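Enquirer: Residues -15 to -1, 1 to 40 in mature numbering (1 follows the signal peptide of the UniProt record, and there is no 0) are what the sequence shown lists, from first letter to last.
Right, I'll just put the structure down here and ask away after.
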Amino acid sequence: MRLLLLTILEVLIVSQKLWYFTFVAVLDSSYCFVCSENDTHTRQGGDTNSLFRSG
């Protein structure tokens, strides 16, 4: 019984991590698009940032 609980807990933790990473990735990409003033977020391509800023 204890092993079953541990397995369930492990699965929950792993799925939660996967969900968290997906959430962060989606947030991060939309944040890059919306807030182009932040220079640390250049994964979308640095050219878009300068384009947004200049015009």
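The beta-carbon is built from N, C-alpha and C at its ideal position, and this holds for glycine as well.
Note that the structure is a prediction, hence the values are computed from the model and not measured.
#1: Taking the straight line between their C-alpha atoms, what separation do you get for H26 and Y5?
#2: Roughly how many angstroms separate the alpha carbons of residue 71 and I(-8), rounded to a whole number?
#3: Please report the straight-line C-alpha distance between L3 and L(-13), rounded to a whole angstrom.
Expert: So, to answer that:
#1: The residue you call residue 26 lines up with position 41 of the sequence shown. The residue you call residue 5 lines up with position 20 of the sequence shown. Low per-residue confidence applies at H26: pLDDT is 46, beneath 50, and the placement is therefore not dependable, though the value from the model is reported in the following sentence. Between H26 and Y5, the C-alpha separation is close to 19 Å.
#2: There is no way to answer for residue 71, as the model of the chain reaches only from -15 to 40.
#3: Residue 3 sits at position 18 when you count from the first residue of the sequence shown. Residue -13 sits at position 3 when you count from the first residue of the sequence shown. Each residue's Cα considered, the two are about 23 Å apart.
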